[in-house]
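The structure appears right after this line, and notes come after that.
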Amino acid sequence: MRFILGLATLIVFLSAQAFAFPSAELKDLWDISLAPVGYEILDSYRRGSVQVEEIYYQSRSYKGRPVEIFGYFCYPAKAAGKLPAILLVHGGGGTAHLGRTVSWARRGYAILTIDLPGRGEQRWSSRSTGPDMDVPVLLRTKPDPSHNYLVHAVAAARNGITFLTERKEVDPKRIGMVGLSWGGVITLLTNGQDKRLKTAVNVFGAGYIPEGCTWQDRFDMKSEEDLRQWYAYIDPKNFLKTQHAPILFITGTNDHCYYLPTFQKSYEEVTVPKKLLLIPNLRHRFLPYMQRIVWNWLDGKLKYNGSFPEAKVLAVFEKENGKLIVPVMASAASHITKATLYYTKGEPSRWTRRNWQSIDAYYEDGIYYFGIPKELIDPEMMFYVSVKDNHGSAVSTPIRSIFKVKMFRGEETYAISSPIKKINIHEPPLQLLGFLKNLEFPKVFFSKETKSYHLVLPEAGS
Numbered sequence: 000m001r002f003i004l005g006l007a008t009l010i011v012f013l014s015a016q017a018f019a020f021p022s023a024e025l026k027d028l029w030d031i032s033l034a035p036v037g038y039e040i041l042d043s044y045r046r047g048s049v050q051v052e053e054i055y056y057q058s059r060s061y062k063g064r065p066v067e068i069f070g071y072f073c074y075p076a077k078a079a080g081k082l083p084a085i086l087l088v089h090g091g092g093g094t095a096h097l098g099r100t101v102s103w104a105r106r107g108y109a110i111l112t113i114d115l116p117g118r119g120e121q122r123w124s125s126r127s128t129g130p131d132m133d134v135p136v137l138l139r140t141k142p143d144p145s146h147n148y149l150v151h152a153v154a155a156a157r158n159g160i161t162f163l164t165e166r167k168e169v170d171p172k173r174i175g176m177v178g179l180s181w182g183g184v185i186t187l188l189t190n191g192q193d194k195r196l197k198t199a200v201n202v203f204g205a206g207y208i209p210e211g212c213t214w215q216d217r218f219d220m221k222s223e224e225d226l227r228q229w230y231a232y233i234d235p236k237n238f239l240k241t242q243h244a245p246i247l248f249i250t251g252t253n254d255h256c257y258y259l260p261t262f263q264k265s266y267e268e269v270t271v272p273k274k275l276l277l278i279p280n281l282r283h284r285f286l287p288y289m290q291r292i293v294w295n296w297l298d299g300k301l302k303y304n305g306s307f308p309e310a311k312v313l314a315v316f317e318k319e320n321g322k323l324i325v326p327v328m329a330s331a332a333s334h335i336t337k338a339t340l341y342y343t344k345g346e347p348s349r350w351t352r353r354n355w356q357s358i359d360a361y362y363e364d365g366i367y368y369f370g371i372p373k374e375l376i377d378p379e380m381m382f383y384v385s386v387k388d389n390h391g392s393a394v395s396t397p398i399r400s401i402f403k404v405k406m407f408r409g410e411e412t413y414a415i416s417s418p419i420k421k422i423n424i425h426e427p428p429l430q431l432l433g434f435l436k437n438l439e440f441p442k443v444f445f446s447k448e449t450k451s452y453h454l455v456l457p458e459a460g461s
């Protein structure tokens, strides 16, 4: 998370944007046939009320050789009518898990979980063929981008969707996708290209990966040409604005694989209906109660016309008791059971080592009010708000910063940043307390001598 390296990456990224390859070439790289896929049922048996099939289906060839993807296809054995279906995609080092597949099928879904292509250092039990799921293959752009692992993983996912549409048990208009970690990245890439999905859930995955991730050293060692190729062809940023289905983003505030600013940046660019959930102090783990939230999302999109809670931060103001008040408007189809503000002291940095603490709200006339003692903002704190409804569904507002700032004549006030999308950087617009409008172009610098932020007037003509 080094600031200088972040700037270097940003410069290379802007270069990649300026010299991006034509969209037709990008489409050609990822495009696959949507014709029926050939598949084989290796074994079929019952696990209680669930029918289990062990299958292989065909996917994109690799180095001229055919690729076969292994999967568990499970569904309620006595289901009446066509079922909603879910494609479940694991992360790095994972494989298809029969127990999880069966438990999800018991909820009334047809479930396909797959071994992503190939094997690798942590995946010797994988039953699929194709490129190995090792980090160098996940990040490669040579000898050309078609050798990158994600291209073949997305083909496996899209062919898995095709398999589901072919099955008589499945309603082809009610297919969802859930991906964890690299599976979340694959979900973003797939939902950005495949119109057949009805909904999607991305857990941990992000675009703009070289701007902040656990593989930072590997990206830092890439040549400018390699980074340009990554951004132009591979990175999920290319498909954020073309997401087709409503999508739920879930991550931990301290996730060490995809740093939170890149996750929020990806979320902000998605234009389809979306929700965000941030789990305080969570690193890279998928906990049981998170699964309940995912099920609620899928049920609402694939079984009935359900909704998730809403939360919006209103204009922050100052009270005479020395506190800043963060008002939040929240609602749910049923009712909100809890609203919590989470905060951590300091500037946007050291994301994986943060200690997030909570403040409860008081409720009045449809608004939740959080009182923040000014001593917590010395000189800065970051915060977000999560709300939960009586069904166990939960959403969060994006993380922003509140910090002291000196105005042009030396007077002090507080500024609230826009959602944080870059490592160590505040981006405009900034909202100043007492001002009705956001300032679109202020520059801010931090003085080490006074330990305070200062606004800088824009240059004439800028």
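Going by numbering that gives the first Met the number 0, the sequence shown opens with residue 0, and the numbers climb by one from there. Idealized CB from N, CA, C, for every residue including glycine. Remember, predicted model here, so these are calculated numbers, not experimental data.
For this session: In the DSSP assignment, find the unbroken alpha helix (DSSP H) run with Asn295 in it and report its ends.
Result: Pro287 to Leu301
For this session: Identify which residue in Tyr207, Val88, Leu431 and Val312 has its Cα closest to the Cα of Asn201.
Result: Val88
Exercise. Ala156: beta carbon under 8 Å from a heavy atom of the ligand SAM?
Worked result: Ligands displayed in this structure: none; no statement on the ligand SAM is therefore possible.
Problem set entry | Cβ-Cβ distance between Ser124 and Thr94 below 9 Å | yes
Exercise. If His283 sits next to Ser180, beta carbons under 8 Å apart, how far is it from one beta carbon to the other, in whole angstroms?
Worked result: 7 Å
For this session: Scan the region 14 to 78 and note each continuous beta strand (DSSP E) run of 3 residues or more that stays entirely inside, going in chain order.
Result: Given a length threshold of 3 residues, each whole run of the beta strand (DSSP E) inside the region 14 to 78 is given here in chain order: 38 to 46, 49 to 61 and 64 to 75.
Exercise. Anyone know if the C-beta pair for Gln263 and Ile419 falls short of 9 Å?
Worked result: Their beta carbons are under 9 Å apart, which means Gln263 touches Ile419 by this criterion.
For this session: May I have the straight-line CA-CA distance separating Glu85 from Leu111, to the nearest angstrom?
Result: One point to set straight first is that residue 85 is Ile, not Glu, in the sequence displayed. When rounded, the distance between both Cα atoms is 6 Å.
Problem set entry | Range of the contiguous beta strand (DSSP E) that encloses Arg462 | Any question about residue 462 goes unanswered here, given that the chain covers just 0 to 461.
Exercise. Taking the beta strand (DSSP E) that Gly206 falls in, what are its first and last residues?
Worked result: Note, Gly206: premise wrong, no beta strand (DSSP E); not H, not E.
For this session: Could you tell me if Thr128 is buried or exposed, where buried requires 16 or more neighbouring beta carbons within 10 angstroms of its beta carbon?
Result: buried
Exercise. Helix or strand or just coil, what does DSSP make of Arg126?
Worked result: coil
Exercise. Where does Val404 fall in DSSP's three states?
Worked result: strand
Problem set entry | Nearest neighbour of Phe69, chosen from Lys81, Asp42 and Arg46 [CA to CA] | Asp42
Problem set entry | Among Thr339, Thr161, Asn295 and Asp298, the one whose alpha carbon lies nearest that of Lys311 | Ranking Thr339, Thr161, Asn295 and Asp298 by Cα distance to Lys311 puts Thr339 first.
Problem set entry | Status (buried if at least 16 other CB within 10 Å, exposed otherwise) for Phe248 | buried
Exercise. Thinking C-alpha only, which one of Ile422, Ile376 and Leu25 is nearest Ile401?
Worked result: The option with the nearest alpha carbon to Ile401 is Ile376.
Problem set entry | As assigned by DSSP and simplified to three states, the class of Ser265 | DSSP places Ser265 in helix when its eight states are reduced to three.
Exercise. Are there three or more Cβ pairs, one per stretch, closer than 8 Å when the region 223 to 235 is compared with the region 154 to 171?
Worked result: no
Problem set entry | Under the three-state DSSP convention, the category Ile185 falls into | helix
Exercise. If you draw a straight line from the C-alpha of Leu286 to the C-alpha of Gly251, how long is it?
Worked result: 11 Å
Problem set entry | Host beta strand (DSSP E) of Glu224 (start-end) | From DSSP, Glu224 is part of no beta strand (DSSP E) but of the alpha helix (DSSP H) over Glu223 to Gln228.
For this session: Please report the Cβ distance between Ile358 and Ile366, rounded to the nearest whole angstrom; I am assuming they are in contact, meaning their Cβ atoms lie under 8 Å.
Result: Actually they are not in contact, since the Cβ atoms of Ile358 and Ile366 sit about 15 Å apart, beyond 8 Å.
Exercise. My guess is that Ser395 and Val404 are in contact by the Cβ rule of under 8 Å, so how many angstroms apart are they, rounded?
Worked result: Actually they do not touch by this definition, with Cβ atoms about 25 Å apart.
For this session: Determine which residues share a DSSP beta bridge with Ser385 and list them.
Result: Answer by DSSP bridge pairing, in chain order: Thr339 and Ser395.
Problem set entry | C-alpha gap between Ala223 and Ile31, whole angstroms | According to the sequence provided, residue 223 is Glu. The question's Ala does not apply to it. Near 29 Å, if we compare the C-alpha coordinates of Ile31 and Glu223.
Exercise. Tell me which same chain residues have a C-beta within less than 6 Å of the C-beta of Gly321, skipping the five on either side of it?
Worked result: Lys373
Exercise. Just checking, does the region 180 to 190 make contact with the region 141 to 158 on the three C-beta pairs under 8 Å criterion?
Worked result: yes
Exercise. The beta strand (DSSP E) spanning Leu323 covers which residue range?
Worked result: Lys322 to Ser330
For this session: Look up Cys212 in the DSSP assignment and give the residues it is bridged to.
Result: According to the DSSP secondary-structure assignment, Cys212 is paired through a beta bridge with Tyr257.
For this session: For the region 408 to 422 and the region 290 to 297, state whether three or more C-beta atom pairs, one from each stretch, are separated by less than 8 Å.
Result: No contact exists between the region 408 to 422 and the region 290 to 297.
For this session: Go through its chain and collect everything with a Cβ distance to Met381's Cβ below 6 Å, but skip five positions before and after it.
Result: Thr343, Ile398 and Ser400
Exercise. According to the neighbour-count rule (16 or more other Cβ atoms, all chains shown, within 10 Å of its Cβ), is Ile40 buried or exposed?
Worked result: exposed
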